[in-house]
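Below: one structure, written as C-alpha cells.
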Amino acid sequence: EDKVVQSPLSLVVHEGDTVTLNCSYEVTNFRSLLWYKQEKKAPTFLFMLTSSGIEKKSGRLSSILDKKELFSILNITATQTGDSAIYLCAVDFGNEKLTFGTGTRLTIIP
Amino acid sequence: DVKVTQSSRYLVKRTGEKVFLECVQDMDHENMFWYRQDPGLGLRLIYFSYDVKMKEKGDIPEGYSVSREKKERFSLILESASTNQTSMYLCASSFPLGLKANTEAFFGQGTRLTVV
C-alpha cells in the first residue's frame with residue numbers, strides 16, 4: 049500500500065531556530081515528492097523533487113530527496129513567525145493521484 | 114494567476130440533506146481532485162477525475178459521489194449528509210502529473226462543512 053509518513057506531527061521552536069521536517073514513504077512506484085505549506089486554507093506549493101540527492105532551495109527553505117532510503121527532509125533556517133503553518137508532504141506514486149502525509153504543524157514563538 | 118475556486122467557505126447542513134460542493138479551475142487542467150482534511154489524518158483523497166466525465170475512487174469514496182460535466186468544474190456530492198462528514202474539503206487541479214516537469218497540484222481555499 050502506498051503510504052506517506054511525516055514526523056514530527058507538531059513542533060514548537062523559537063524564532064531564529066533551524067528546523068528539519070521529515071517525510072518518508074513506502075513505495076510500489078515513485079514519480080515525485082512534493083512539499084506544501086498550509087497557513088490558513090489553501091496549501092501552497094513549495095518544492096517538487098524527482099531526483100535523488102539534488103537540493104531544491106528557495107530563500108531560507110531547502111529540501112532534498114533520498115530515493116534509496118525513501119525519504120525527504122525540509123529545512124527551514126532562521127525561522128520567523130510567518131513560517132508557522134502546517135507543512136504537507138505528498139508523493140505521486142505514478143497513478144495520477146497525490147498521496148499526502150498527516151502533515152507537521154510548525155509553531156514559531158517570537 | 115492560477116485559480117481554483119470553491120463555491121463556499123463555510124457550510125452548515127442537517128443530517129440527511131443532499132450537499133453539493135462546487136469547484137472551478139481556470140487553468141485548463143485535466144486532473145481535478147477532492148480531498149478531506151481532518152486533524153491527525155492529513156489530506157485523504159475522496160475522488161479524482163482525469164478528464165471530463167471520467168472519475169476514479171480515491172481512498173475514502175463511501176458516502177460521496179462526483180460529477181465532471183465540463184473540464185473546468187468538478188462537483189462533490191454528499192447524497193445524505195452525516196455528522197462524520199463534518200470536515201474541511203479541499204479541491205485541487207493539475208495537469209497530468211507525469212506529463213510535464215515541475216507539475217504540481219493547485220488548491221482551492223477549502224470548504225469547512227459542518228453537519229448537525
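If you read the protein sequences in the order shown, they are chains A and B.
The numbering used here puts the first sequence at residues 49 to 158.
The numbering used here puts the second sequence at residues 114 to 229.
Beta carbons: idealized from backbone N, C-alpha and C, even for Gly.
The structure displayed is predicted, hence computed values, not measured ones.
*Where does A/Gln-128 land, buried or exposed, given buried means 16+ other C-beta within 10 angstroms?*
A/Gln-128 comes out exposed.
*Less than 8 Å between the CB atoms is what I'm expecting for B/Leu-156 and B/Leu-203, so what's the real figure, rounded?*
Contact flag correct, Cβ pair sits at about 7 Å.
_What does the Cβ neighbour count give for A/Pro-91, buried or exposed, with the cut at 16 atoms within 10 Å?_
So A/Pro-91 ends up on the buried side.
*Around the C-beta of A/Leu-57, are 16 or more other C-beta atoms found within 10 angstroms, so that it is buried, or is it exposed?*
A residue is called buried once 16 or more other Cβ atoms fall within 10 Å of its Cβ, and A/Leu-57, having fewer, is exposed.
*Check whether the stretch 62-69 of chain A touches the stretch 115-126 of chain A, counting contact only when three or more Cβ pairs, one atom from each stretch, lie closer than 8 Å.*
Yes, the stretch 62-69 of chain A touches the stretch 115-126 of chain A.
*From the DSSP output, in three-state form, read off B/Gln-198 for me.*
If DSSP states are grouped into helix, strand and coil, B/Gln-198 belongs with the helices.
*Thinking just about the alpha-carbon of each residue, which of B/Glu-217, B/Val-228, B/Arg-122 is nearest to the one in A/Lys-88?*
For the residues B/Glu-217, B/Val-228, B/Arg-122, the minimum Cα distance to A/Lys-88 belongs to B/Arg-122.
_By alpha-carbon positions, which one of B/Phe-208, B/Gln-150, B/Lys-116, B/Glu-217 ends up nearest to B/Arg-225?_
It is B/Gln-150.
_Extent of the continuous beta strand (DSSP E) run through A/Ile-102_ = Segment: none, A/Ile-102 is in no beta strand (DSSP E) and carries neither H nor E.
*Could you work out which residues of chain B lie near A/Pro-158, taking near to mean beta carbons separated by less than 7 Å?*
Here the premise fails: no neighbours, minimum Cβ distance about 25 Å.
*Can the beta-carbon of B/Ser-180 be found less than 8 Å from the beta-carbon of B/Ile-190?*
Taking 8 Å as the Cβ cut-off, B/Ser-180 and B/Ile-190 qualify as a contacting pair.
_List, from N- to C-terminal side, the beta strand (DSSP E) runs of 3 residues or more that fit wholly inside the stretch 54-119 of chain A._
Taking only runs of at least 3 residues, the beta strand (DSSP E) segments lying wholly in the stretch 54-119 of chain A are 58-62, 67-74, 80-86, 92-97, 104-106, 109-114.
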